[in-house]
Amino acid sequence: MKKLTRRSFLAVCGAVALTGALAACGSASSSTAATTATSTASSAAEALSGTVNTNGSTSMEDVMGSLIEAFREVQPGITVNYTGSGSGAGITGAQDGTCDIGLASRDLKETETGVRQITVAKDGIAVIVNPANPLSDLTIDQIAQLFNGEITNWSEIGGSDAPVVAIGREAGSGTRDGFESITGTEDLCVYQNELTSTGEVIANVASNPDAIGYASLSAVEGDATIKAVTVGGVAASEETVLDGSYVIQRNFNFILSDTAELSSAAQAFVDWATSADASGLIAGAGAVPVAE
1 MKKLTRRSFL
11 AVCGAVALTG
21 ALAACGSASS
31 STAATTATST
41 ASSAAEALSG
51 TVNTNGSTSM
61 EDVMGSLIEA
71 FREVQPGITV
81 NYTGSGSGAG
91 ITGAQDGTCD
101 IGLASRDLKE
111 TETGVRQITV
121 AKDGIAVIVN
131 PANPLSDLTI
141 DQIAQLFNGE
151 ITNWSEIGGS
161 DAPVVAIGRE
171 AGSGTRDGFE
181 SITGTEDLCV
191 YQNELTSTGE
201 VIANVASNPD
211 AIGYASLSAV
221 EGDATIKAVT
231 VGGVAASEET
241 VLDGSYVIQR
251 NFNFILSDTA
261 ELSSAAQAFV
271 DWATSADASG
281 LIAGAGAVPV
291 AE
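If you count the sequence shown from 1, position 30 lands on 30 in UniProt numbering, and the numbers rise without skipping.
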């Protein structure tokens, strides 16, 4: 057997080391390629397509507009449509399957079965008057009396000598339901006009110096055509709604069928809209996010 010299031994070691290094490089390259392929496949699996139809509360219009616009960037293959037909129509739509997601600015009643609610945000119901009205604060009792007809002239509570013109929403409206439930005026209000949208209520109050109405906080913030009065000294704001000190408030809810499974596209929108990722958008639209 031939004796292995020191030089030969070192040469052999070098060759072995080089072979190991090349093998390691090849393994690393394969691992990187596999990871890249897995990542690409995962991204492709997450990219969805389809149409999601939502219908219901007009008070949720600003919130839905912000969510839909931002979700388009998250899932460009999904189209989310919004129709404002009132909370009652949104609940019915979720029950009969004419929409994927119903929208209600009130909680479900015991008689509304076959569906469930997911709270997306909270919203204050602002009590609004014309900017010409000298009053800036009202108690819950005064608000109730102004709407149920016990107070018929503004002078009775320190205002102008003028008749009270109460403006409200139509039967089935989530805003009306929330307002009347909290003020104890359910089925007692005497409305001069019952309107089918938040925008119409605001426009009517803005055009009549003797009018009083109510509207979603998200719709009245920054609107100089009307004045939101404080209630018991507390202004409606994100902070006072969240801490409960502003008492006239309600939930913004997604209404989903208990029996029909959501499409992948609709489920993706619900999951995203109710996550902390959407909280800033909801706050920017004037409502109070509940996801942390």
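The beta carbon of each residue, even a glycine, is placed where N, CA and C say it ideally should be.
If you look at Ala144, you'll find it in the alpha helix (DSSP H) that goes 140-148. If you check the CB distance, Val164 and Thr152 come in under 8 Å. Distance from the CA atom of Ala228 to the CA atom of Ala47, rounded to whole angstroms, is 44 Å. Ser85 and Ala235 have their alpha carbons spaced roughly 29 Å apart.
In the DSSP assignment, Glu194 falls within the beta strand (DSSP E) that extends over 193-195. Our two residues, Gly77 and Glu69, have alpha carbons roughly 13 Å apart in a direct line. Between the C-alpha atoms of Thr240 and Val231 there is a straight-line separation of about 11 Å. With fewer than 16 other beta carbons inside 10 angstroms of its own, Leu188 counts as exposed. Within the same chain, Val165, Ala166, Ile167 come within 7 Å of Gln192 by CB-CB distance, once the 5 residues on both sides are set aside. Each residue's CA atom was taken as its position, placing Phe71 and Ser279 some 13 Å apart.
Remark: C-beta atoms of Ile91 and Ile255 approach each other more closely than 8 Å. In the structure shown, the three-state DSSP call for Ile212 is strand. Pairing Gly174 with Arg116 gives a Cβ-Cβ distance that is not under 8 Å. Take the alpha-carbon of Val63 and the one of Asp210: they are about 30 Å apart. Around Ala283, the same chain offers Glu238, Pro289 as residues with beta carbons nearer than 8 Å, after the five sequence neighbours per side are excluded. With 16 or more neighbouring CB atoms inside 10 Å of its own CB, Glu61 falls in the buried class.
If one requires a minimum length of 3 residues, the beta strand (DSSP E) runs lying completely within the stretch 75-146 are 78-84, 101-104, 115-129, in chain order. One alpha carbon belongs to Val80, the other to Ser160, and they sit about 47 Å apart. The C-beta distance from Ser57 to Ser87 rounds to 5 Å, short enough to fall under 8 Å. Taking Glu194 as the centre and dropping the five residues before and after it, the same chain places the C-beta of Gly168, Arg169, Glu170 closer than 7 Å to its C-beta, in chain order.
Look at the stretch 154-203 and you find these whole runs of alpha helix (DSSP H), each 4 residues long or longer: 174-183. When the five nearest sequence neighbours on each side are left out, the beta carbons in the same chain lying within less than 7 Å of the beta carbon of Asn208 are those of Asn130, Val165, in order along the chain. Scanning Thr111, Asp100, Asn53, Val190 for the CA closest to the CA of Ala144 turns up Val190. One alpha carbon belongs to Glu73, the other to Asn253, and they sit about 23 Å apart.
One Cα belongs to Phe179, the other to Gly149, and the distance between them is close to 16 Å. In this structure, Ile101 keeps its C-beta atom at 8 Å or more from the C-beta atom of Ile182.
Taken through DSSP and simplified to helix, strand or coil, Gly50 comes out as strand.
By the neighbour-count criterion, in which 16 or more other beta carbons inside 10 Å mark a residue as buried, Gly124 falls on the buried side.
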